[in-house]
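Asks: The structure's right below; bear with me while I get my questions together.
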Amino acid sequence: MRKVMMLFFMLLLAVNNLPAGDAAIDGKKLDLAKKGLMQTLKSDNFGARYSALHVLLKLKSDYPELNLSEFNPILVSMVKNDRASVIRVNANMAYIYINSDELSQRVKVSEREDAVAFFNSLYGELNQNALAFAD
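If you use our numbering, the sequence shown corresponds to residues 642 to 776, in order.
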C-alpha cells in the first residue's frame, strides 16, 4: 500500500509540474508522468486506478495535441478485465476521450473538478452526441 501511495504521489507531482496551457511541454517531465500513469493504471489499488484515469484525461484536456495512443492497450485491458465495473466503464470513456480530438476540446477537466463530476459530464456529452461520436 505504501508503495502504491508513493507511486501515486510521484505521479501527481510529475503531472502538476507540467506547464499548463500553451507553454511547451518538458519532455522529461512528460515521460515521467506517462510512466507513472502507466504503472498506476496497472495498480491493484482501486482508488489509484480510478484517480489515474482522471489524471490521464486531465493531461489530454490540458494538452489536446498530445498523442496518448500508447495508453490504448492498457485501457482496452482495463475495459475487458478490471474487477470493478466503474473502472471498466471509465476506462472505456477514457479510451474514447484520448482518441477524439473533438471530444477533448468539448469536455475539459476543470482544475479542481473531482473525477466523479468529470466522468458524469463526459458521459452526458457522449449521450447527447451519440451520433456524432459513433463509428
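Beta carbons: idealized from backbone N, C-alpha and C, even for Gly.
1) Straight-line CA distance for V757 to P714?
2) Suppose you measure from the CA of F687 to the CA of K749; what does that come to, to the nearest Å?
3) Going residue by residue through the segment 693-744, where are the continuous alpha helix (DSSP H) segments of at least 4 residues, counting only ones entirely within it?
4) Counting only the same chain and skipping the five closest in sequence on each side, list residues whose C-beta sits under 7 Å from that of R747.
5) Report whether the distance from the Cβ of Y736 to the nearest heavy atom of the ligand PLP is below 8 Å.
6) How many Å lie between N733 and S751 at the Cα?
7) Distance, Cα to Cα, M719 vs L671?
8) From A674 to S762, what does the alpha carbon distance come to, in whole angstroms?
9) Which value, in whole angstroms, describes the spacing of the CA atoms of R729 and E743?
Replies: Looking at the atomic coordinates:
1) 24 Å
2) 24 Å
3) 713-722 and 726-739
4) E766
5) What this structure holds is no ligand at all, so the ligand PLP is not there to describe.
6) 20 Å
7) 23 Å
8) 25 Å
9) 23 Å
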